[in-house]
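All residue numbers for the sequence shown refer to this note's numbering, where the first residue is 218 and numbers rise by one. Think of the CB as a built atom: it goes at the ideal place given N, C-alpha and C, for glycine as much as any other residue. Worksheet: one structure, shown below.
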Amino acid sequence: MFGSLFKRSKDWLPSEILGLTIGRGITFDPIALRLLPDETLMEKPDTTLMIAAQGHCDLGEQSHMHRFYPDDDRFLIQFQGGDGNADDRVDEIMLWYFYDVQYPSGEAEWSKCKNNIRQKNYTLSRGGENLGFERAWFDTSTSPEDPMTYWEEICDDRSGGGRRRIFQTAMLFARQLKDGRDEMLLINMEEPENAERSVAFMIGFPLEQHNFSV
């Protein structure tokens, strides 16, 4: 599922995944939120987030990515598994926090970012402190590796309203925290159709189904 195997979906409409879809709320277990490590870069969301938009990407090989965009635009909930219709399995659940979003000023800056995320290590700065992350995709390689590319299709309502597509170039990194858990860093270079390009730096942790209710 690496490289450019990701493809545009056709005639996709938002579906329910574990009961979650546009217009519904997801409520997090406050105990699970309190257990997030102290040194994490992630902000803790409110216990309930309302889903305002939903995205989808066909990853190939019968695997799909479903993204749920809350009314609080600092966060993203992501499920990976089946298509949500014929196959409703869920293999992975992630909570993502938008740590930073940057808008490269030109092609040179855009190309520099793309080259940086090809490397084995990535350094993220926070208040003068440099935090080191290691590449989680292609983690057995010490050479530069091309990032993943994929189209995400997003709708604002379940009938397909507000449909738009975003071409994304992404690489996943991780760092180990004091409690032994990995904090994930997804660097996502986004090229919306008919909109400004941006680079999102997203901090993520896995969720279990018992950590939330819909």
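Close Cβ partners of residue i (< 6 angstroms) along its chain, the five nearest in sequence each way excluded
i: G220; result: Reliability fails at G220, whose pLDDT of 45 lies under 50, so the model's placement of it is uncertain and the value that follows must be treated cautiously. Nothing listed; no residue qualifies.
i: N347; result: T340
i: E260; result: Y314
Residue environment, residue i, which counts as buried when at least 16 other CB atoms sit within 10 Å
i: L252; result: exposed
i: V416; result: buried
i: G301; result: buried
i: M267; result: exposed
i: H281; result: buried
i: N405; result: buried
i: Q297; result: buried
i: D255; result: exposed
i: D308; result: exposed
i: E278; result: exposed
i: D228; result: exposed
Own chain, CB closer than 8 angstroms to residue i, minus 5 neighbours either side, in chain order
i: V431; result: L235, G236, L237, R241, G242, I243 and T244
i: S376; result: L230
Rounded straight-line distance, which links the Cα of residue j to that of residue i
i: L222; j: K395; result: Low confidence applies here, because L222 scores a pLDDT of 45, under 50, leaving its location unreliable and the question unanswered by this model.
i: Q319; j: R352; result: 20 angstroms
i: W327; j: W368; result: 18 angstroms
i: D290; j: F315; result: 8 angstroms
i: D399; j: S322; result: 32 angstroms
i: A412; j: R381; result: 10 angstroms
i: D374; j: Q271; result: 8 angstroms
i: P423; j: E324; result: 34 angstroms
i: D201; j: P287; result: Nothing about residue 201 can be read from this structure; the chain reaches only from 218 to 431.
Residue of the options minimising C-alpha distance to residue i
i: F390; options: S358, S376, G378 and Y339; result: Y339
i: L293; options: P262, L341 and E256; result: P262
i: P364; options: L276, W354 and C372; result: W354
i: F418; options: C372, A387 and P247; result: A387
i: T264; options: G344, S360, R382 and I248; result: I248
i: E362; options: Q279, N332, G349 and R343; result: N332
i: F285; options: S342, E233, Q393 and F384; result: E233
i: S342; options: M401, L312, D317 and G397; result: D317
i: K337; options: M401, S358 and L402; result: S358
DSSP-derived helix/strand/coil call for residue i
i: I243; result: strand
i: R398; result: coil
i: A249; result: helix
i: N302; result: coil
i: A391; result: strand
i: W354; result: coil
i: A412; result: coil
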